Every structure is written in C-alpha cells, then in structure tokens.
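Quick note on numbering: the working numbering labels position 392 of the sequence shown as 438, and the sequence is numbered without any gaps.
The C-beta atom is built at its ideal place from N, Cα and C for all residues, glycine as well.
All figures in this text were calculated on a predicted structure; none of them were measured in a lab.
Remarks on the structure that follows.
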Amino acid sequence: MEERLELLTEQIIHTLLARLGTDRASSSKPVKCQVNGLIPGTYTLSMVRINPKELLLQELVSTKTRGNVIFRSWTFRKEEKWYVAGMEKLGKPVFYRSIGQDLADLVRRNDTVSAVEASEGMYLVETAERAARNLGVELPSDYELKRNGLYPKSIRFLTKHSALVAVLLIAVGIGTILGLYALKIGSIESEMNKSVKAYTANIDDQVKSFLDDTEDEILGLINDVEKNRKNFEFDKRNAYLNVQRLAEELTRYTPARKRAYRLIADNILQSTTYSEIMYEMSRLPTEEYQARIFLATNRQSVIPLASFTPAIPGMLYPVRVDGENNDGRGFRITDGYMDRRENPLGTGGSSPHFAVDIINVSNIAYVSHAGEIIREGNPPGDVVAVAPGAICDTGWDDGYGWYIEINHGISDEVKALYPDAERWCSYYAHLDEKPTMALGTKVEADTLIAHIGNTGRSTGPHLHFEVRIYHKNGSYRSGDARYDKINPYPAERQEE
C-alpha cells in the first residue's frame, strides 16, 4: 500500500510542480462536470506553494446555484520524498490509511483536466464532454442544505404530491391482498383479475403521468436556474453575513483568521458580480498560518508607509532597509492611530492605540505554521531617528519591550502647529535588544539607533512608533512632565 501511495503522490506532485513553475499559486482551467449526476457545474484544481517543501491543493466544484464548494483539500510535504501530510473531504479530515482510493481518484481527475487543457478544436469538444462524465461529484444533500440553506424545488414538488405517492403504495398493497384472496375464492377469480388489471393500468397511467410531470418540473427548474439568477443584492448580503458569522464563531486564539474573515466579508459587500463573490469566498483561510500569510501580503489589510505625509514638517520615516534610502518603501502600517483597537494578542478587550505599528514586507518569504515570519536573508529592518535630537530615555517596558525616546526640542514650525508645546519627542518600541546609546547622546536624522524586534507583548517583529508633544496640560505623564500623543501620519500624500 505504501509503495502505491508513493507512486500516486509522485504522479500528482510532478503535475503540480509543472503547473506552478516559478509561481506561488496557480489553478487549472475550469472543466465541465456533473454534480449528483444532474446539476451542471465546473471542476477546478487550485494550488498554492506554501514554501519550497509544502504544497496546498484544493479541488473546487462550482455551480451557479451553490457557488464554490471545496470538494477535497490536500496538503503535501517533502522530507526525503513528497508525501500526503493531510487531507480533508467536504470539510472533514480523512485518516491516512483511508486516502488511497481518494488519491487514485485525484490522479484520474488530474489526468482528465490535463487532457481537456491539451485538446484543441473538435477534439476539445469531445474531450470536454467525456470529462463532464468522468469528473462527476456526489455532494451529500445534508451538506448542500447546510451550506446554502436551500430546499430544492424538486423535493418540494414531491412533498406537495405526497398524498398521491401514499395512494400508490396503498393501492399496490390492496391489489396484492386481493390477488391472494382471489386464489382462495374461485367463484370471483375472473372478476377480480379484471378489476386488478384495470386498476393496475390506471395506476400505471398515473405513475407515468407523475414521472413525466416530475421530469418536466426538474428540467424547468434547471432552465429557470440558468436563465433567472437569484437577486444579486440578496445573495451578496447573505454571503457577507455568513462570513461575518464564521468570523464571530472563531475563538480568540485564532485572531488572524478572525481578522482575515472580516476583511473578506467587507470585500464581498463591495463586490459587483457573482464572480467577485466566489473569488473572495475561495480565499477564506482554513488555518491560522494561512491567515497570517493573507494578512501579511494582502494589499487591503495594510497601508503602505510611503503613501503618508508626516505630522511634523521635515520628519523622516522611522524605519529603512540597510543600505537603502529613507523613503518608506517596503514598509507598511498594519495598525494605525485609533481610539479603540481590539487586543491583537486575542485575549479580549480593547484600548486606544495612539501610535502606528510598522512592518517590513519587502523580504517576507512565508509564515510558518507557528506564525513566525520567515525572511529571505535580511533582518526585519533598521530603526532610525526621524529628526535631529538627543536620547532622553531608554529602557524596558513589559508591554513595549525595549524602547528609546529622542528629544527633538522645539522649532517655529512645531510651535505654529502646537502653540502650547514645550518640546516634541519620538518614541520607538519593541526593539530587538537592549539599547546601547547613552542618555544625552546626540543623533542626526536617519541615524541608526536600533533594529526592529519582537520584545514585550508583540504579535511579531514590528516597530511601535509614537510622536509626543510635551506641554503642561498633557494627558500622559513621564516623570514630572506631561504630554499628548499625536497621529504621526495623519494624511496621505497628494499625487503630483
């Protein structure tokens, strides 16, 4: 059995790697299939290279009335050889000892899809028709009802005529009893035979009529589904609410999945076509590490740092890549300046976040199963002074980890913006190690002062950056001085 599984795995991995090439993600062309032997749909292979030694493959079945269904989901890993690390069928895990038949079926389906993709002209038509039969999928009715909340019209039709079905069953029973009774009573045998034949003929006509009507009803239902789609706004709202509900059902120990689901729900609400809704639904991550990859690389979940103008005139960006210009490129704001923010560690509650959290996304290779960001050679980034000044405070905080504060004094520009200001300072937290610069050390703008780290209560390597305006009526206290925290980047740059 192990040799057979290895052979089948080698066959499917060879095809997946050929499809992916140098890309991280790819998918096959949608190929016609039949769902439950009747409903037309499409079958698609979607694959993602999680890292060089891990591949994710999903078999997607789509119909116009049901949308996308993940038929099977496969995880392949490589140690000495590639092997099946996990497999789910219709959302339920399958034990390793039971995957042989499904793996053989996957190889067969993959060969069918490849044959369709390689066909041209009249051969494409013939191959596609055969594929529709070969790629048939059976979806349990309880799964479909749970997923869509639909009650098929054909079932409603049978329910409506349940009395006729009951009459048919009773009639057959009565006919059988009368037939047996007629054997015992010879005097009425002939009359009973005529009666039963006539009754049976009548019943046969009724059954034939019932079946013809049912077939017409089902064909009519299929035609109606093809021609008259459900109200788009209703379907979009329903999909949005379902994804929001899934997000709320996730526990606090899966904060990345919860956040990704909410983001995808918002995208669904902004969709203008069914294709956009299906695309967003197909991106729902099933694992926490997949959600972290989604959030770390999705353009809508983070804000490019280079697109913002600083609050203090002439203030540089607090981060840069070693050897490159201080232009904010390659860095993004993952959490901005806000009055209320849910606890990012998933422990519940919310609090103000009068700062910005900045992450380097220019060299992320992937995110491990444990949620650790794996980078391609370079560190998370340098922390630099945003303006000339002097080190006025360094140390450790249980929440912010290692930190540095720089006093930039006061200028006419700052005084014009904040008339009560006595001085302004910049604050850098979650640094990678204990600061080595002594108090009073003078620094110039863009001077390297530390490296981005993950110390304190942190969800991963990033810089917590604040701009503080010191004045006598400030809301926060530092020793005998008081200050307020202002938004470091309050506005986006205007395109020239």
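Reference residue i; option with closest CA among the options
i	options	result
Q336	L287, F377, S160, R95	R95
N82	Y129, I116, R179, E333	R179
R329	F340, D443, T319	F340
K99	A401, A475, K124, P76	K124
D157	S108, I59, V115	I59
T482	C471, V489, L509, T440	T440
K480	Y464, G502, W448, S457	W448
L152	Q104, V218, S108	Q104
L287	T505, P301, A302, Y307	Y307
P186	K135, N284, G502	K135
W442	T501, A244, Q316, V77	T501
R378	D259, T355, I404	I404
R118	E126, S108, K127	S108
I495	V365, G376, T380	V365
Y320	E184, N114, A164, G455	N114
Y89	E184, T68, A293, M47	E184
K110	F278, D251, S255	F278
M47	Q252, T246, Q147, L509	Q147
D444	S504, Y142, I223, L509	S504
Y142	E126, L66, W120, R155	W120
M93	L66, R112, L84	L66
E326	V289, L362, F354, R305	V289
V489	M133, A436, L509	A436
E49	K127, T246, K461	K127
Sub-7 Å separation of residue i and residue j beta-carbons
i	j	result
S438	E451	In the sequence under discussion, the amino acid at residue 438 is Cys, which differs from the Ser named in the question. Cβ distance < 7 Å, so C438 and E451 count as in contact.
A30	T493	Outside the shown range of the chain (47 to 542) lies residue 30, about which nothing can therefore be said.
Y516	R469	yes
F511	V402	yes
Y474	V429	yes
L145	V130	Contrary to the premise, residue 145 reads as Ile rather than Leu in this sequence. Against a cut-off of 7 Å, the Cβ pair of V130 and I145 comes out as a contact.
P507	P426	yes
G374	A352	yes
E334	T297	no
L101	L62	yes
E163	K78	no
G182	Q80	yes
I323	A293	no
F400	K531	yes
Through-space distance from residue j to residue i, alpha-carbon basis
i	j	result
I358	P534	8 Å
G520	R291	41 Å
L91	S73	5 Å
N371	A467	31 Å
R137	L149	Reading the sequence as shown, one finds Gly at residue 137 and not Arg. Answer to the nearest angstrom: the Cα atoms are 16 Å apart.
L54	Y446	51 Å
D526	R514	15 Å
G87	L477	53 Å
F122	L485	53 Å
L214	I249	7 Å
E295	A491	47 Å
S160	T318	32 Å
T332	R303	8 Å
P536	I310	26 Å
I216	A244	16 Å
E52	A71	24 Å
Y529	C471	10 Å
G382	P139	39 Å
T222	S255	23 Å
Q57	N97	20 Å
R112	L315	18 Å
H33	L463	No answer is possible for residue 33: the residues shown for the chain start at 47 and end at 542.
S524	I456	18 Å
M361	R155	59 Å
As assigned by DSSP and simplified to three states, the class of residue i
i	result
T355	strand
N519	coil
Y363	coil
F141	coil
L391	Residue placement at L391 cannot be trusted, given a pLDDT of 48 that sits under 50; what the coordinates show is reported in the next sentence. The answer is coil: DSSP assigns L391 none of H, G, I, E or B.
S119	strand
E542	With a pLDDT of 44 at E542, under the threshold of 50, the modelled position of that residue is not reliable, and the figure given next carries that caveat. Coil at E542, not helix or strand.
K480	coil
L54	helix
G195	With a pLDDT of only 39 at G195, under 50, the local geometry of the prediction cannot be trusted, and the value read off the model is given with reservation. The answer is coil: DSSP assigns G195 none of H, G, I, E or B.
S548	An answer regarding residue 548 cannot be provided, because it is not within the stretch 47 to 542 covered by the chain.
H60	helix
V218	helix
E184	coil
Y529	strand
R329	coil
Min CB distance residue i to chain C below 7 Å
i	result
E479	Looking for chain C here will not work: only one protein chain is present.
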